[in-house]
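A quick write-up on the structure given underneath.
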Amino acid sequence: MPSSYLHSIVERFRFYKQLGEDALEQIPDNQLHWQVNETGNSVYVIVKHISGNMLSRFTDFLTSDGEKPWRERDKEFKVESENSDRASLMIRWEEGWQCLFKNIEPLVEADLERIVYIRKEPHTVVEALNRQLGHYAYHIGQIVLLAKMICGENWRSLSIPKGKSKEFNKGMFSKNDLKG
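Numbering (the numbering used here), first residue to last: 533 to 712.
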């Protein structure tokens, strides 16, 4: 994977995977199904959707439509009574990400302009990857916000905490190994 784009997109996917995991680990088990209101999605449902989307989009990524006939998208948004614990949630999460990485890590520069389809709509590989990165970042942002709401004052910031920007920047700019 010599392309700087390919390296960068894989690293961005890894960043969002870790961000999601850092938020998920803060949520108490008994709050994984919490919803803001009856039309909102719980963290559990969002993870089911992300995973289902990844499995559909990245299975045979270069050779078949990204919306697989076996995917049941509407079921991703339904609450299950079985297999709805944290362990099951994390298995789903990992299956989706494993499928994504298994199919994008082998890509090479020549693949970037190839055409892939999502619901019969043509995309270059670059467009499809950017589309999916945006989609996952959007949903992981939802997970982070829900986790923050659930945890309240127990929330551990995943970025620069409020009121700590100057301190953070001072540390960053005092490093001698970076040129600015």
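All C-beta atoms in this analysis are idealised placements derived from N, C-alpha and C, irrespective of residue type, glycine included. Just so it is clear, the structure is predicted and the values come from calculations on it, not from any experiment.
- The segment 551-609 contains, as complete alpha helix (DSSP H) runs of 4+ residues, the segments 575-590, 605-608 (chain order).
- For Val640, there is no enclosing beta strand (DSSP E), as DSSP marks it with neither H nor E.
- The beta-bridge partner set that DSSP reports for Tyr649 consists of Pro654.
- About 33 Å separates the Cβ atoms of Trp602 and Ile682, ruling out a contact at the 8 Å cut-off.
- Taking a 10 Å sphere around the C-beta of Gln664, we find 16 or more other C-beta atoms and assign the residue as buried.
- Contact fails between the segment 622-637 and the segment 676-690, because fewer than three Cβ pairs, one in each stretch, are under 8 Å apart.
- For Glu699, the enclosing alpha helix (DSSP H) covers residues 697-705.
- When the five nearest sequence neighbours on each side are left out, the beta carbons in the same chain lying within less than 6 Å of the beta carbon of Ile541 are those of Leu661, in order along the chain.
- DSSP places Lys694 outside both helix and strand once states are collapsed to three, so it counts as coil.
- The segment 628-641 makes contact with the segment 575-587: 3 or more CB pairs, one atom from each, lie closer than 8 Å.
- In this structure, DSSP gives Trp625 a helical state, which the three-state scheme calls helix.
- Judged by pairs of C-beta atoms under 8 Å, the segment 691-706 does not touch the segment 597-612, as fewer than three such pairs exist.
- Tyr537 places its beta carbon 8 Å or farther from that of Ala669.
- Taking all protein chains shown into account, Phe593 has 16 or more neighbouring C-beta atoms within 10 Å of its C-beta and is therefore buried.
- Using a Cβ distance threshold of 8 Å, Arg618 and Asp561 count as a contacting pair.
- When the alpha-carbon of His581 is set against those of Thr656, Gly695, Gln674, Ser691, the nearest one is in Gln674.
- Here the C-alpha atom of Glu645 lies approximately 13 Å from the C-alpha atom of Ser535.
- Check the Cα spacing between Gly684 and each of Val657, Gln563, Ser583, Ile672: the tightest is with Gln563.
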